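Novice: Sharing a structure with you now.
In my numbering, the protein residues as written are 364 to 564.
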């Protein structure tokens, strides 16, 4: 009975697999580039190619997040912000949604045992290394900006190897569990094909 209870707890509990990014010394030029990336003000533009593309993507993603974030306005703001920050960093927005699902279960104020914070579970040392003292990792856009910038940095270090970049992001480089969980969340819960693309198949 105890074993069954433990299994049910694992199945029913929000999926969270937060780790801890490790501080690694970096060149001054890299640090300056990362600082610039997290400091740029968000321009008043959309990251979507058109209003129709925005409507299609939001209509596809929003219902998948409704149970976790019932407030529609906040949910749409989160999704627009994820799309913007991911696109800005050259990442797939659906990958970032999968990472958030695994890292924090979409809990804004999540804090891991290692001290990682917010949706993308960013370690506080990053604020000292590349940010400003007033940056709050519990702020929606700040957290997404840092998280996407850091993942892009790791992808660049690993020459595009997503498996290794995700391992670095989670502080579990070389172990398969975390990259496999993010990929599974990305492919099973957040896969997206635009209606126009699907119609052409």
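Ideal Cβ positions, reconstructed from N, Cα and C, are used throughout, including at glycine. All figures in this text were calculated on a predicted structure; none of them were measured in a lab.
1. Quick check on DSSP: helix, strand or coil for residue 470?
2. Taking residue 489 and residue 513 to be in contact with their CB atoms under 8 Å, please state how far apart those CB atoms are, rounded to whole angstroms.
3. Work out the CA separation of residue 461 and residue 547 for me, nearest whole Å.
4. Going by the CB atoms, is the gap between residue 473 and residue 484 shorter than 8 Å?
5. On the criterion of 16 or more Cβ atoms from any shown chain inside 10 Å, does residue 408 qualify as buried, or is it exposed?
6. Pairing CB atoms from the stretch 522-535 with CB atoms from the stretch 439-447, are three or more of them under 8 Å?
7. Pop quiz: residue 544 and residue 465 are said to be a contact at Cβ under 8 Å. What is the actual Cβ separation, rounded to whole angstroms?
8. Ignore the nearest five residues each way along the sequence and tell me which others in residue 501's own chain have a CB closer than 8 Å to its CB.
9. If you run the structure through DSSP and keep just helix, strand and coil, what is residue 431?
10. Do residue 465 and the ligand SAM come close, with the Cβ less than 7 Å from some heavy atom?
11. How many whole angstroms separate the CB atoms of residue 504 and residue 401, which I take to be in contact at a CB cut-off of 8 Å?
12. Is residue 467 buried or exposed, if buried means 16 or more other CB atoms sit within 10 Å of its CB?
13. When we look at the beta-carbon of residue 542 and count the other beta-carbons within 10 Å, is it buried (16 or more) or exposed?
Specialist: Per the coordinate set shown:
1. coil
2. 7 Å
3. 8 Å
4. Yes.
5. Counting the other CB atoms within 10 Å of its CB gives residue 408 a total below 16, which places it among the exposed residues.
6. no
7. 5 Å
8. 471, 472, 480 and 481
9. coil
10. Annotation note on the ligand SAM: not contained in the displayed structure, which lists no ligands.
11. Between residue 504 and residue 401, the beta carbon gap of about 10 Å keeps them out of contact (Cβ cut-off 8 Å).
12. buried
13. buried
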